[in-house]
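Colleague: What follows is a single structure, and I will ask about it in a moment.
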Amino acid sequence: MPENKSKNKDPRPVDTDEAGVTPPAEAEETESADGTEPFDLESVLAVGGPPVKLPIVWNDYRPVPIVFDGHVYSVGRRYSAKTVRKFFAMMRKTGDDVPDQILDIVLTDGDPQQLWKDLGELSMPESNKLFATIYKIAGLMSLSGKFLAS
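So the numbering used here is basically just the index in the sequence shown, starting at one, shifted up by 1383.
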């Protein structure tokens, strides 16, 4: 019987930026109040390496610190039904101020306008991936990408 040669191939090379690996952040600038290092949001854009593990701890509803473009934010993890309905009502609206209003619901710390400014400069696939990651960390989207799925 012929041998499966795909098992003998060298692993796919990783680029020089160490795809999928979160670079160490400087502790002085990015360390959160509880001493945990913020999750590097940009790390989810890497391709060619292992999947990036999101900072989601089951039954831990404390805000999760994230860092993007040198700015530190905290993503909330617990929302009332009224807040969830407000979030989805905002998702149906259009306008220049809507994204930062949506981020204002999700973020517990940091400037939502600054985050929107930074994300708004990216391509659509990049910003969609980063928004989806924020929603997953917030618990508003399942890891498979479905809103309000448990």
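Where a beta carbon is used, it is the ideal one built from N, C-alpha and C, also for glycine. All of these numbers come straight from a predicted model, not from anything done at the bench.
Are residue 1458 and residue 1489 close, meaning C-beta to C-beta below 8 Å?
Modeller: In the sequence shown, residue 1458 corresponds to position 75, counting from 1. In the sequence shown, residue 1489 corresponds to position 106, counting from 1. Yes, the Cβ-Cβ distance between residue 1458 and residue 1489 is below 8 Å.
Colleague: Compute every distance between the C-beta of residue 1520 and the non-hydrogen atoms of the ligand GDP, then say whether any falls below 7 Å.
Modeller: For the structure depicted, the ligand GDP is absent and the ligand set is empty, with no information on it obtainable.
Colleague: Near residue 1487, what residues of its chain come up, given a Cβ to Cβ distance below 6 Å and the 5 sequence neighbours on each side ignored?
Modeller: Along the sequence shown, one-based indexing puts residue 1487 at 104. Around residue 1487: 1495.
Colleague: Tell me the DSSP secondary structure of residue 1439 in three-state form.
Modeller: Translated into positions along the sequence shown, residue 1439 becomes position 56. Residue 1439: coil per DSSP, three-state reduction.
Colleague: What separation, rounded to the nearest whole angstrom, lies between the Cα atoms of residue 1452 and residue 1516?
Modeller: For this step, residue 1452 is matched to residue 69 along the sequence shown. For this step, residue 1516 is matched to residue 133 along the sequence shown. Each residue's Cα considered, the two are about 15 Å apart.
Colleague: Got a sec, what are the start and stop residues for the beta strand (DSSP E) residue 1426 sits in?
Modeller: As a working mapping, residue 1426 is identified with position 43 in the sequence shown. Where residue 1426 is concerned, there is no enclosing beta strand (DSSP E), given that its DSSP letter is neither H nor E.
Colleague: How would you write the range of the alpha helix (DSSP H) that residue 1518 sits in, first residue to last?
Modeller: The residue you call residue 1518 lines up with position 135 of the sequence shown. It spans 1507 to 1521 - the alpha helix (DSSP H) in which residue 1518 sits, taken as one unbroken run.
Colleague: Tell me the residue span of the beta strand (DSSP E) that contains residue 1482.
Modeller: For the purposes of this step, residue 1482 is identified with residue 99 of the sequence shown, where counting begins at 1. Segment 1481 to 1489 is the alpha helix (DSSP H) holding residue 1482; no beta strand (DSSP E) there.
Colleague: To the nearest angstrom, how far is it from the Cα of residue 1535 to the Cα of residue 1475?
Modeller: In this structure the chain extends from 1384 to 1533, so residue 1535 is not present and cannot be described.
Colleague: Mind reading off the beta-carbon distance from residue 1513 to residue 1447? Whole number of angstroms is fine, and I expect it under 8 Å.
Modeller: Counting from one through the sequence shown, the residue named residue 1513 turns up at place 130. Counting from one through the sequence shown, the residue named residue 1447 turns up at place 64. Rounded, the Cβ-Cβ distance is 14 Å, inconsistent with contact.
Colleague: Consult DSSP for residue 1494 and reduce its assignment to one of helix, strand or coil.
Modeller: Locating residue 1494 in the sequence shown gives position 111, counting from the first residue. Reduced to three states, the DSSP call for residue 1494 is coil.
Colleague: Measuring only the C-alpha atoms, how far is residue 1442 from residue 1423?
Modeller: Along the sequence shown, one-based indexing puts residue 1442 at 59. Along the sequence shown, one-based indexing puts residue 1423 at 40. Taking the straight line from one Cα to the other gives about 22 Å.
Colleague: Only counting the same chain, and skipping five residues up and downstream in sequence, which positions put a Cβ closer than 6 Å to that of residue 1511?
Modeller: Within the sequence shown, numbered from 1, the residue matching residue 1511 stands at position 128. Correct list: empty, nothing qualifies.
Colleague: Buried or exposed: where does residue 1522 fall if 16 or more other Cβ atoms within 10 Å of its Cβ makes it buried?
Modeller: Counting from one through the sequence shown, the residue named residue 1522 turns up at place 139. Residue 1522 should be labelled buried.
Colleague: Shortest alpha-carbon distance to residue 1440 belongs to which of 1531, 1526, 1530?
Modeller: For the purposes of this step, residue 1440 is taken as the residue at position 57 of the sequence shown. For the residues 1531, 1526, 1530, the minimum Cα distance to residue 1440 belongs to 1526.
Colleague: How many angstroms separate the CA atom of residue 1455 from the CA atom of residue 1492?
Modeller: As a first step, residue 1455 is located in the sequence shown; it is residue number 72 there, counting from the start. As a first step, residue 1492 is located in the sequence shown; it is residue number 109 there, counting from the start. Linking residue 1455 to residue 1492 through their CA atoms gives a straight-line distance of about 8 Å.
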